[in-house]
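Right, one structure below, let's go through it.
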Amino acid sequence: MASGESTPNPEEESGLGRNFITQIIDEHNASGRFDGRVHTRFPPEPNGYLHIGHAKSINLNFGLAEQYGGKFNLRFDDTNPTKEKQEYIEAIIEDVRWLGADWEDRLFYASDYFGQLYEWAVRLIKQGDAYVDHLNADEIREYRGTLTEPGKDSPYRDRSVEENLDLFERMKAGEFDEGECVLRAAIDMASPNINMRDPVLYRILHEAHPRTGTEWHIYPMYDWAHGQSDSIEEVTHSLCTLEFEAHRPLYEWCLEKLGIYQPQQIEFARLALTYTILSKRKLIQLVEEGHVSGWDDPRMPTISGLRRRGYTPEAIRAFTDQIGVAKANSMIEIEQLEHFIRQDLNYSANRVMSVLNPLKVVIENYPEGQVEQLEAVNNPEDESAGTRMVPFSRELYIEQDDFMEDPPKKFYRLAPGREVRLRYGYFITCTDVIKDADGNIVELRCTYDPETRGGHAPDGRRVKATLHWVSVEKALQAEVRLYDRLFSQEDPSKVANGQTFIDVLNPDSLQVIERAYVEPSVQGAEAGTRYQFERLGYFCVDPDSTDEKMVFNRTVGLRDTWAKIQKQK
RNA sequence: UGGGGAGUGGCCAAGCGGUAAGGCAACGGCCUUUGGAGCCGAAGAUCGUAGGUUCGAAUCCUACCUCCCCAGCCA
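The opening residue of the first sequence carries number 843 in this note's numbering; numbering runs sequentially from there.
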């Protein structure tokens, strides 16, 4: 071990630390297997929108390329036209770009290689390594055997090369119906690895493809397309999730049979988050059954949902870097993600005052009709953000939670007879509580100390609390959407018998406040603008905003010590 | 019960034979015109279990236990 001296380690400077993948890459670099190249790719299937789990993969792949001075490709794995759509392709491109991964001019599609893939399949047939099978799907399953019993050869397995060539060409020409026959690799029906029991390479699909239209009637399976696509693009390290581990022998078999350049497949554990579902199938269901407003519903773990929610690419990258990458299945607590968006926004978001649940305050000794502009700091963490003016008047709104008629010990906000500070405003003292016929508090009468303008007391006296507020006359009315976790259970994929993840949806995941008040400085802010509503949390302007009514989404609340005290009781 | 993987504090995760990094969470205190942020501090791990090798094991060996993945003409 080198002692003392701090030799700068490039790996420690980038966000990603060391992990089992960098270790493998280092070994390859040491042995010269890829001549020191590092070339990764992100290979999404365009059958849905990208989610935070994909962000882990994107940041990993792009991050490694960056870290080693290599290249990164974006390649669509578009081999199944029955599930894939152009809409998804476009959304995915937007999301990957937004996350900050740069594929430069290397945007590819597996469908770009359909011609080459077909030729290679012909080569396999000529080598006696593939055959056309007329067993139907059920029969193929039966012949495959089970986990503990070997399979048996298809009766069509020993067709002649000529016959196979002819049949395969006719498959391509569209002469057969879907399901009538398939092209299979001839490997080993007794292999303990089921994926090696003569896997299907091509199936017939009379379906229009988003990119190749009706040109093809046969489409390659993942196992036949993926490795060769990696090979064509000269990818060095082909990263995928754990469930493909058992496919690696097949990945390598294909490449070896073709005698072409062979990348290294490496598998890592996919991301799992508490109170979240990251299965594309289930996300599609949430959208199609209307449990959420769409793919970009701010409650969705999709990239577009997180974006609309107010998350930043920087926060997502910090998160994926920090959780690391390994081969152990694990579940990250959602709090970890929330930590990183708070951390980012704390430094980047301007502060603003907003009252969500208004309680009217009348300052009896403040002149009627008077409005003063008071200076407020935009961001205490960033002096360059400057200041703004906030209007103060005789009638204000404060948060209902900030007043208690009969406060417990640790509550040190406003109460009868108590003096508190209005942020950037004045010290006020509550003199009277006004209630309606049902005993609900509807208004507070207070007095203010003109000497405390801006929030400082010349005599040095102190107050325990500082409250946010808004001028009744000058405040903007806005809609505020408060989001909570979409599921009420930590692992929504593990539900009681007879239930599905739908049954465990959190009924309170969205709370809409139709009439919240925000200081006027936010007027006209464009969609996506992020703020910290002081003492409440981080919010961003939703695209639903109009000139008449702004709409804000709560990205995440501030850490709330008072709420914690209340919880402890 | 075939094959392939994984088990390190509440949640992640370093570590690669020399005596357990870091992050999140939780806890105590300081500070504060956000009960935010920040700062300081303390606590928390017999490294799945049991054996073995070694002067020394989370790291090597053996056995066992638990969990995950594979029987789509999905990816």
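Virtual Cβ for every residue (Gly too), placed ideally from N, Cα, C.
Here the structure is a predicted model, which means the values were calculated and not measured.
Three-state class that DSSP yields for W1066 in the structure shown:
The count along the first sequence starts at 1 and reaches residue 1066 at position 224. W1066: helix per DSSP, three-state reduction.
How far does the beta strand (DSSP E) with H1048 in it extend, from its first residue to its last?
Numbered from its first residue, the first sequence carries residue 1048 at position 206. Unbroken run through H1048: none, as it is neither H nor E.
Taking the Cβ atom as the reference point for each residue, do V1393 and D1384 lie within a distance shorter than 8 Å?
Mapped onto the first sequence, residue 1393 falls at position 551. Mapped onto the first sequence, residue 1384 falls at position 542. Closer than 8 Å, so yes.
Backbone CA spacing between V1129 and H1079 [nearest angstrom]:
Here residue 1129 refers to the residue found at position 287 of the first sequence. Here residue 1079 refers to the residue found at position 237 of the first sequence. Each residue's Cα considered, the two are about 34 Å apart.
V1213, buried or exposed, once every other Cβ within 10 Å from all chains shown has been counted against 16
Taking the first sequence and counting its residues from 1, the one referred to as residue 1213 is at position 371. By the neighbour-count rule (16 or more Cβ atoms within 10 Å), V1213 is not buried but exposed.
With a 10 Å radius around its C-beta and 16 neighbouring C-beta atoms as the bar for buried, classify K898 as buried or exposed.
Taking the first sequence and counting its residues from 1, the one referred to as residue 898 is at position 56. Per the 10 Å Cβ criterion, buried.
Compare the Cα-Cα distances from T1144 to each of L1328, D1333 and T864 and report the closest residue.
Taking the first residue of the first sequence as 1, we reach residue 1144 at position 302. Nearest option by C-alpha distance: L1328.
How is the beta strand (DSSP E) around K913 delimited, first residue to last?
Indexing the first sequence from 1 puts residue 913 at position 71. Its beta strand (DSSP E) spans residues K913 to F918.
Cβ contact (3+ pairs, closer than 8 Å) linking the segment 1316-1325 and the segment 1278-1295
no
Three or more C-beta pairs under 8 Å: does that hold for the segment 1259-1271 against the segment 1336-1343?
no
The segment 1156-1166 / the segment 901-909 touching (three or more Cβ pairs under 8 Å)
yes
Taking the alpha carbon of Q1319 as the reference point, which residue from A1358, P1349 and E1223 has its own alpha carbon closest?
On the first sequence, position 477 is the one that residue 1319 refers to. Closest option to Q1319, Cα to Cα, is A1358.
Assigned secondary structure, A1088 (DSSP; H/G/I helix, E/B strand, else coil):
Residue numbering aside, residue 1088 sits at position 246 when the first sequence is read from its first letter. In this structure, A1088 counts as helix in the three-state DSSP scheme.
Could you tell me the distance, in whole angstroms, from the CA atom of V1204 to the CA atom of T1273?
Along the first sequence, read from residue 1 onward, the residue named residue 1204 stands at position 362. Along the first sequence, read from residue 1 onward, the residue named residue 1273 stands at position 431. Distance between the alpha carbons of V1204 and T1273: 10 Å.
Beta-carbon contacts of L1009 that lie in its chain and below 8 Å, excluding the five residues immediately before and after:
To locate residue 1009, count along the first sequence from 1; it is residue 167. The beta carbon of L1009 lies closer than 8 Å to those of V974, R1001 and C1023 in the same chain, with the five residues before and after it left out.
Any contact between the segment 959-973 and the segment 1173-1189? By contact I mean 3 or more CB pairs, one from each, below 8 Å.
Touching, no.
Note down, in chain order, each residue of its chain lying with its Cβ closer than 8 Å to the Cβ of D944, except the 5 sequence neighbours on either side.
Counted from its first residue, the first sequence places residue 944 at position 102. Taken in chain order, the residues that qualify are F904 and F914.
Under 7 Å Cβ to Cβ from N871, same chain only, skipping five residues before and after it: list those, please.
Within the first sequence, residue 871 is the residue found at index 29, counting from 1. Excluding sequence neighbours, N871 sits near G878.
Where does S1235 land, buried or exposed, given buried means 16+ other C-beta within 10 angstroms?
Counted from its first residue, the first sequence places residue 1235 at position 393. Classified as buried, S1235 has 16 or more neighbouring CB atoms from the shown chains inside 10 Å of its CB.
Span of the beta strand (DSSP E) around K1202:
Position 360 of the first sequence holds residue 1202. DSSP places K1202 in the uninterrupted beta strand (DSSP E) bounded by P1200 to I1205.
G1379: first and last residue of the uninterrupted beta strand (DSSP E) it sits in
Taking the first sequence and counting its residues from 1, the one referred to as residue 1379 is at position 537. G1379 to V1383 is the span of the beta strand (DSSP E), which, as asked, contains G1379.
Along the chain, where does the alpha helix (DSSP H) containing I1270 start, and where does it finish?
Residue 1270 sits at position 428 when you count from the first residue of the first sequence. No alpha helix (DSSP H) contains I1270, which is instead part of the beta strand (DSSP E) from F1269 to K1277.
Simplified DSSP state of M1392, which is helix, strand or coil
The residue you call residue 1392 lines up with position 550 of the first sequence. In this structure, M1392 counts as strand in the three-state DSSP scheme.
Under the assumption that K1169 contacts F1110 (Cβ atoms under 8 Å), give the Cβ distance between them as a whole number of angstroms.
For the purposes of this step, residue 1169 is taken as the residue at position 327 of the first sequence. For the purposes of this step, residue 1110 is taken as the residue at position 268 of the first sequence. Between F1110 and K1169 the Cβ distance is about 6 Å, and since that is below 8 Å, they are a contact.
Uninterrupted beta strand (DSSP E) stretches inside the segment 977-1031 (no shorter than 3 residues):
1024-1027
Start-to-end residues for the alpha helix (DSSP H) that takes in P1155:
Numbered from its first residue, the first sequence carries residue 1155 at position 313. First-last of the alpha helix (DSSP H) with P1155: P1155 to I1165.
Can you tell which of S1351, A1307, L892 and E981 has its C-alpha closest to the C-alpha of K1257?
As a first step, residue 1257 must be located in the first sequence, where it is residue number 415. For the sequence presented, residue 1257 should be read as Ala rather than Lys. Taking the Cα of A1257 as reference, the smallest distance to any Cα among S1351, A1307, L892 and E981 is reached at A1307.
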